[in-house]
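Reviewing the structure listed below.
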């Protein structure tokens, strides 16, 4: 089937910030074959491309000049179910939360801590999504991707993807150079609950539940996220806008001397993760507005579109927060979303 080119396409419904922008040209891909046809196309193949999944990790500051490639590849299946693990596969265009919900419904636990994270399956490895004590990298098995230069299909394991904190190969060497088409996840057996995260501990202590099952953890994560984070369908946002900075012991101790209340978490390699939300709040930005954009009143890591904000307004707010934290703490916060 020939690829269908759409022109002058409104993108407000395709990014969770709800920013108004228009794609001069947009192509939807529904299979790996579609992506390979895109590469071979005499016109589309050589055009610069913006890969778009659920738009949950994207800030559009204007109308994209690139050919927008909307990834809508579907499919959910169990690839293998062995005594030691279950391997499940999802198309890159599947909603991430739908994958988590589906896997539990099929009796395959292991992704419940990652419930209600917005976006698509194909975007999850790019960001190495994580929440409530679990990162995607810990459940990742492999992915298939199409090279946008050669059209060659490649399969990458976790080592090849070079996962880091909210980071992967797809944010560096492969940024904009490949399209992820399928992702496979490995859910180990026997299932072991992850409830060491403080919010989950408090939640289950309040309920008097000492050994929750996977469905209870799923429900708890959904409830906690809904209580803390605004719904993008109601108030445009991209979840956490800033990464929690990771610093060495020396820098952490220097900051502690001036700010003993700062929240930090030791990591296995001896470094420390600093709570960006705490620093933003300490700078007085939690709940503050700048034009039609604001720092969310419930969670300082979240920037929101109060209605009609442009991508440039949201970026200006992000930069103002960034500058305030840099001046107070000497730390430059990194953006999580891709700014285009």
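In the numbering used here, the protein residues as written are 353 to 692. Just so it is clear, CB atoms sit at the ideal spot from N, CA and C, and this is done for glycine as well.
Nearest to residue i (by Cα), restricted to the options the options
i: residue 440; options: 447, 450, 434, 428; result: 428
i: residue 453; options: 571, 609, 691; result: 571
i: residue 459; options: 567, 641, 594; result: 567
i: residue 421; options: 660, 617, 396, 577; result: 396
i: residue 481; options: 444, 457, 519; result: 519
i: residue 477; options: 425, 419, 537, 591; result: 537
i: residue 424; options: 444, 412, 407, 418; result: 444
i: residue 361; options: 494, 607, 679, 418; result: 418
i: residue 552; options: 661, 483, 498, 493; result: 483
i: residue 414; options: 663, 597, 645; result: 663
i: residue 463; options: 479, 365, 487; result: 487
i: residue 367; options: 404, 398, 385; result: 404
i: residue 356; options: 365, 493, 469, 380; result: 380
i: residue 618; options: 600, 607, 609, 611; result: 600
i: residue 389; options: 629, 499, 643; result: 499
i: residue 363; options: 468, 408, 510; result: 408
i: residue 635; options: 679, 608, 532; result: 679
i: residue 569; options: 581, 588, 546, 402; result: 546
i: residue 631; options: 508, 492, 613; result: 613
i: residue 648; options: 624, 556, 692, 590; result: 590
i: residue 475; options: 485, 510, 532, 558; result: 532
i: residue 623; options: 598, 629, 643, 558; result: 598
i: residue 643; options: 561, 661, 387; result: 661
i: residue 426; options: 473, 556, 365; result: 473
Euclidean distance between Cα positions of residue i and residue j
i: residue 393; j: residue 376; result: 18 Å
i: residue 637; j: residue 657; result: 15 Å
i: residue 345; j: residue 626; result: Within the shown structure, residues of the chain are numbered from 353 to 692, placing residue 345 beyond reach of any answer.
i: residue 621; j: residue 373; result: 42 Å
i: residue 416; j: residue 605; result: 43 Å
i: residue 471; j: residue 534; result: 15 Å
i: residue 513; j: residue 505; result: 15 Å
i: residue 442; j: residue 524; result: 24 Å
i: residue 575; j: residue 354; result: 44 Å
i: residue 370; j: residue 436; result: 43 Å
i: residue 382; j: residue 592; result: 29 Å
i: residue 667; j: residue 542; result: 45 Å
i: residue 650; j: residue 633; result: 11 Å
i: residue 554; j: residue 529; result: 43 Å
i: residue 701; j: residue 583; result: What the structure shows of the chain is the stretch from 353 to 692, and residue 701 is not part of that stretch, so it cannot be assessed.
i: residue 446; j: residue 655; result: 25 Å
i: residue 449; j: residue 406; result: 12 Å
i: residue 579; j: residue 497; result: 36 Å
i: residue 682; j: residue 410; result: 26 Å
i: residue 675; j: residue 465; result: 33 Å
i: residue 585; j: residue 602; result: 42 Å
i: residue 438; j: residue 432; result: 6 Å
i: residue 491; j: residue 539; result: 6 Å
i: residue 659; j: residue 467; result: 27 Å
i: residue 684; j: residue 653; result: 14 Å
i: residue 607; j: residue 673; result: 18 Å
i: residue 611; j: residue 517; result: 25 Å
Whole-Å CB distance - residue i paired with residue j, under 8 Å assumed
i: residue 522; j: residue 594; result: With 8 Å as the limit, residue 522 and residue 594 do not qualify as a contact, their Cβ atoms being about 20 Å apart.
i: residue 391; j: residue 503; result: 4 Å
i: residue 645; j: residue 671; result: Between residue 671 and residue 645 the Cβ distance is about 11 Å, and since that is not below 8 Å, they are no contact.
i: residue 385; j: residue 358; result: The pair is not a contact, with the Cβ atoms about 19 Å apart (cut-off 8 Å).
i: residue 508; j: residue 527; result: Actually they do not touch by this definition, with Cβ atoms about 14 Å apart.
DSSP bridge partner residues for residue i (one or two, in chain order)
i: residue 499; result: 530
i: residue 509; result: 494
i: residue 540; result: 437
i: residue 559; result: Looking at the DSSP assignment, residue 559 forms no beta bridge with any residue, so it has no partner.
i: residue 419; result: 401
i: residue 589; result: 656
i: residue 432; result: 439
i: residue 535; result: 442, 495
i: residue 549; result: DSSP, once it has assigned bridges, lists no residue as partnering residue 549.
i: residue 625; result: 598, 617
i: residue 411; result: 691
Residue i - DSSP class collapsed to helix/strand/coil
i: residue 515; result: coil
i: residue 359; result: strand
i: residue 441; result: strand
i: residue 453; result: helix
i: residue 653; result: coil
i: residue 618; result: strand
i: residue 391; result: helix
i: residue 600; result: coil
i: residue 581; result: coil
i: residue 462; result: coil
i: residue 486; result: strand
i: residue 377; result: strand
i: residue 645; result: strand
i: residue 595; result: coil
i: residue 608; result: helix
i: residue 677; result: helix
Proximity test, Cβ basis, 8 Å: residue i and chain C
i: residue 551; result: Considering every chain present, this structure includes no chain C. It has just one protein chain.
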